[in-house]
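Working notes, beginning with the structure itself.
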Amino acid sequence: MLRGGSLGAVFSVLAGLAVTMVLVAPVAADGATRIGTSSPSTPNRAARGNFAGLIKIRGGRRVYLECRGSGRPTVVLESGLGNAADVWGGAFLSANDPGADPQRAVFPSVARFTRVCAYDRPGTGRLDPRTDRFKPSRSDPVAMPRTALDIARDLHALLRKARRAAGIRGPYVLVGHSIGGLTQRLHATVYPRNIAGLVLVDATPDRYGAVLAMLAANGLLTPEQYAAVAAAPPPPGLESYPDLERLDIDASGAQTRQAQADTPLRPMKLVFLSLASLDLPPDWQREAVQAVKQVYEAAQDELAKLVPGARHVIAANSGHYIQLDQPKLVVDAIRRVVDETRNHAQPNSSR
1 MLRGGSLGAV FSVLAGLAVT MVLVAPVAAD GATRIGTSSP STPNRAARGN
51 FAGLIKIRGG RRVYLECRGS GRPTVVLESG LGNAADVWGG AFLSANDPGA
101 DPQRAVFPSV ARFTRVCAYD RPGTGRLDPR TDRFKPSRSD PVAMPRTALD
151 IARDLHALLR KARRAAGIRG PYVLVGHSIG GLTQRLHATV YPRNIAGLVL
201 VDATPDRYGA VLAMLAANGL LTPEQYAAVA AAPPPPGLES YPDLERLDID
251 ASGAQTRQAQ ADTPLRPMKL VFLSLASLDL PPDWQREAVQ AVKQVYEAAQ
301 DELAKLVPGA RHVIAANSGH YIQLDQPKLV VDAIRRVVDE TRNHAQPNSS
351 R
């Protein structure tokens, strides 16, 4: 099974820094399919029923979406670079730690108190726990590389189309891990309507791409070290797929900074989680390690200033995949934002 060490080899902490992550091609299917039965209602008028299927968005492309649970706000999970929806689920949690209870994974845990959805970005990979190998994304492919704005536009279109097909309604709490944190932050800035809050799980800083390129240009990272960050090898099972997820991290960071300068993120609930320390490669020069750590620490300071009342949670016992190493920490952060959103929506609550 994929324990912490081997998972780290496939999706290392450097996924948070990566310019490109090599992963996958699509698997086609027809239409959207509703599965399961309705979930218990909540005091909020809830969308109900489990959903798993393909939804057509702009250009006729199909995107795979899973939803479970009932209630509002709807929590929308955005995975890190190369990861499909299943990285939030029980099978992936058990693969990381065979002793873990799969029902304590983020997706099923959140489904117990509100509606939660996750989706496959094009070019991502999902784990087959029977073989410890990865399968292709269930979403249709797109041209690569992409940017954070491309991803934000896709999710915005998906949420609009999924209202009827998947029974989801706003307001939304956006949750993003790694590069997904950067794209969810941009999404909330560019498409603020109906966004109630953000939970950022070791989000990629918007200046990582620039600092890595600078380190390489100045000889502080060797070509081999930079290549290891810029183009990680595909995980087992996805070596030959042509439609691999790649992201222009430098352009994505610039888009995020420009959006914040043009129309700053409006006040909303925000919880962001970061690591107590970065575990960078031992062969990096000290100057390179210090530069990356400074950017990381500065990014946490920046997130703290994005909105009034932002909360910072430090994951003292985690690697980059906090949702696998300490899932309860992520679930508690989501629950806090969901509860505050519900309390704020009550007619007699203080404003």
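For the sequence shown, the positions run 1 to 351 when the UniProt record's numbering is used.
Note that the Cβ used here is the ideal one computed from N, Cα and C, for glycine as well.
Item	Value
Beta-carbon within less than 6 angstroms of R311's beta-carbon, same chain only, minus the 5 sequence neighbours each way: which residues are those?	V271
Can you tell me which of L329, P108, R121 puts its alpha carbon nearest to the alpha carbon of P136?	R121
Please report the Cβ distance between A291 and L182, rounded to the nearest whole angstrom; I am assuming they are in contact, meaning their Cβ atoms lie under 8 angstroms.	With 8 angstroms as the limit, A291 and L182 do not qualify as a contact, their Cβ atoms being about 19 angstroms apart.
Entirely within the stretch 111-198 and at least 3 residues each: give me those beta strand (DSSP E) ranges in chain order.	116-119, 125-128, 133-136, 172-177
Between T115 and C67, which are expected to be in contact by the criterion C-beta below 8 angstroms, what is the C-beta distance as a whole number of angstroms?	Thr is not the amino acid found at residue 115; the sequence shown has Arg there. Yes, they are in contact, since the Cβ atoms of R115 and C67 sit about 6 angstroms apart, within 8 angstroms.
Going by C-alpha to C-alpha distance, which of A203, Q184, A95, I249 sits closest to A213?	I249
Could you tell me whether the stretch 154-171 touches the stretch 255-274, using the rule of 3 or more Cβ pairs below 8 angstroms?	no
Measure the alpha-carbon distance for A91 versus G237 and round it to whole angstroms.	17 angstroms
Since K269 sits in a beta bridge, which residues does DSSP pair it with?	G197
Between the Cα of P129 and those of C117, S139, A288, N96, spot the shortest distance and give me the residue it belongs to.	N96
What's the gap between the Cα of V307 and the Cα of T131?	44 angstroms
Between which two residues does the beta strand (DSSP E) harbouring R68 extend?	62-68
Do L159 and G170 have their CB atoms nearer than 9 angstroms?	yes
Going by alpha carbons, who is nearest to S277 out of P223, W284, Q294?	Q294
Mark K269 as exposed unless 16 or more other C-beta atoms lie within 10 angstroms of its C-beta, in which case mark it buried.	buried
In the DSSP assignment, what residue or residues form a beta bridge with A52?	E66
Can you grab the Cα-Cα spacing for the pair S94 / F134, in whole Å?	15 angstroms
In terms of residue numbering, what span does the beta strand (DSSP E) encompassing V76 cover?	74-78
Beta carbon of A85, beta carbon of A118: below 9 angstroms?	yes
Let me check understanding here. Comparing Cα to Cα, which of P192, S70, A203 lies closest to residue 352?	Residue 352 lies beyond the stretch modelled for the chain, which goes from 1 to 351, so this question has no answer here.
Less than 8 angstroms between the CB atoms is what I'm expecting for Y172 and A196, so what's the real figure, rounded?	6 angstroms
Relative to the alpha-carbon of P327, which residue among L273, D279, E340 has its alpha-carbon at the smallest distance?	L273
Output the distance between the C-alpha atoms of W284 and P192, rounded to the nearest integer angstrom.	40 angstroms
Can you grab the Cα-Cα spacing for the pair A254 / A152, in whole Å?	14 angstroms
What number of angstroms, rounded off, separates the C-alpha of L200 from the C-alpha of P108?	19 angstroms
State buried or exposed for S252, treating a residue as buried only when at least 16 other CB atoms are found within 10 Å of its CB.	buried
Leaving out five residues on either side along the sequence, give the residues of the same chain with a beta carbon under 7 angstroms from the beta carbon of N317.	D325, Q326
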